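Chains as they are written, first to last, in our numbering: chain X, 6 to 205; chain C, 6 to 205. Beta carbons: idealized from backbone N, C-alpha and C, even for Gly. Since the model is a prediction, treat every value here as computed from it, not as a measurement.
Number of protein chains: 2
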Amino acid sequence: MKTSRRPYHHGNLREALLSAAERAVETIGAGNLTLRELSREIGVSHASPRRHFADRQALLDALAQRGFERLGAALARAARGKEAGFEARLTRFARVHVRFARRHPVLFGLMFAAKGRPDAPDALRQASEEALAPATAIFTDGQARGEVVAGDPARIGLAGYAAVQGLIALTAGGKFKGVPLDTLVGEVIERIVLGLRPRA
Amino acid sequence: MKTSRRPYHHGNLREALLSAAERAVETIGAGNLTLRELSREIGVSHASPRRHFADRQALLDALAQRGFERLGAALARAARGKEAGFEARLTRFARVHVRFARRHPVLFGLMFAAKGRPDAPDALRQASEEALAPATAIFTDGQARGEVVAGDPARIGLAGYAAVQGLIALTAGGKFKGVPLDTLVGEVIERIVLGLRPRA
DNA sequence: GCGACCATGTTTGCGTTGACAACATTGTTT
DNA sequence: AAACAATGTTGTCAACGCAAACATGGTCGC
């Protein structure tokens, strides 16, 4: 009996819950995630998650926050390299962004849904802002190099970033299945950079 | 006792459920919608919705479908007028689209979430495609007038429509509160039409 | 007229869930 | 070693979705 089959304390329940939830959510959908099933899977009692998350929503918010932190790290990496041209940089940024959304579609939806909620926790809000911050640098640098029209970077960037965000929403629908995603992103960014109107 | 206080049959429960649900969803969120509360509000028993919707999801899907039908009608109206220039037409289209999303944020989220679900009903899928169809006409007409670069309209339009869709997602977050929405849409569309790169 | 039929709402019940309170166990601090 | 804080467990409750059996009232063939 020396080998305690199940130590009374799990040891790292919070992390175990988060990673199990992340996997579960991606397969069954965020709406179908139940704390009890999660507890069952991990092997703890049905009320233990309460010690770490006040309620179901708090767990989902924590999941979203972690998502923003990971996305932010990936985007920051993608946005490095001032030397590169604006379009190349924006394309890299967009590709990373889109790939993340593709790889974790449910988590991604969760992230931006949580961000939009009026009662979103401050930590989540802050994580989302930090994650997306690298975008503005790309635009201001582009302006400094004369590759981007003048104006408030936030407003100029809105058009570009909106296109990226929209592309994600549209490709999530599964449209354009035949075309490789990176190709599609490259095309859209080029189109956004050059404009829809033909150039002289 | 002659005046039947509550006629046994409601008469139009399906519609009553849908409109009550649409209102409720917008205030408490789709996830918090319960069939029982809905039934209580309407004044029927908690199991009656089952006659009209197989389950909760079916009701939400019907809600989304109705949403696409209304959005489609509004977009079709906005896309009329071949005579108008491409940019003006696209701007009107975008404004109507964004306003709809703003006025019914939860429903809008529901619509595109349902559309993305792999097991979405055919009727819903079809409604969503029809609703968004007017967009391609705007682009092909623009190409015919030489106001839009050549190429597969679906691919060209992707950039434009992605921007609209992304703008919705971003403004839903409540950013850019100070700026009137129509102004913002106009700016973004102009930027998309002209491109981010300065014109000679 | 009238009885079978059918659409629609009701009643009752079951299993699951989120939330909560009281208690148990373990590690730490004094 | 005694108090304490952190963490997990057990038991309970109200609400929910779903389902089956039943009730009601209009419609249609005859």
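Rounded to a whole number of angstroms, what is the C-alpha to C-alpha distance between residue i and residue j?
i             : j             : result
residue 205/C : residue 193/C : 20 Å
residue 123/X : residue 62/X  : 13 Å
residue 183/X : residue 20/C  : 40 Å
residue 95/C  : residue 116/C : 22 Å
residue 170/C : residue 78/X  : 25 Å
residue 135/X : residue 143/X : 14 Å
residue 150/C : residue 131/X : 46 Å
residue 168/C : residue 43/C  : 37 Å
residue 112/X : residue 41/X  : 20 Å
residue 137/X : residue 140/C : 29 Å
residue 6/X   : residue 48/X  : Residue placement at residue 6/X cannot be trusted, given a pLDDT of 31 that sits under 50; what the coordinates show is reported in the next sentence. C-alpha separation (whole angstroms): 19 Å.
residue 97/X  : residue 186/X : 13 Å
residue 156/X : residue 24/C  : 44 Å
residue 118/X : residue 165/C : 23 Å
Run through DSSP, which three-state label would residue i get?
i             : result
residue 221/C : What is shown of chain C runs 6 to 205, which leaves residue 221/C out entirely.
residue 89/X  : coil
residue 50/C  : coil
residue 64/C  : helix
residue 193/C : helix
residue 21/X  : helix
residue 199/C : helix
residue 74/C  : helix
residue 185/C : coil
residue 58/C  : coil
residue 150/C : coil
residue 139/X : helix
If you check the beta carbons only, do residue i and residue j fall under 8 Å apart?
i             : j             : result
residue 64/X  : residue 29/X  : no
residue 172/C : residue 190/C : yes
residue 91/C  : residue 154/C : no
residue 66/X  : residue 129/X : yes
residue 80/C  : residue 102/C : yes
residue 50/C  : residue 18/C  : no
residue 181/C : residue 133/C : no
residue 106/C : residue 177/C : yes
residue 36/X  : residue 114/C : no
query: Contact between the region 150 to 161 of chain C and the region 151 to 170 of chain X: three or more CB pairs below 8 Å?
result: no
- request: Give the residues from the region 109 to 129 of chain X that approach chain C closer than 9 Å (Cβ to any Cβ), ordered along the chain.
  value: 110, 114, 117, 118, 120, 121, 122, 123
query: For the region 191 to 204 of chain X, which residues have a beta carbon sitting closer than 8 Å to at least one beta carbon of chain C?
result: 192, 193, 196, 197, 198, 199, 200, 201, 202, 203, 204
message: Quick check: the region 196 to 204 of chain C against the region 195 to 203 of chain X, are at least 3 beta-carbon pairs closer than 8 Å?
response: yes
field: the region 117 to 129 of chain C touching the region 82 to 91 of chain C, judged by at least three CB pairs closer than 8 Å
entry: no
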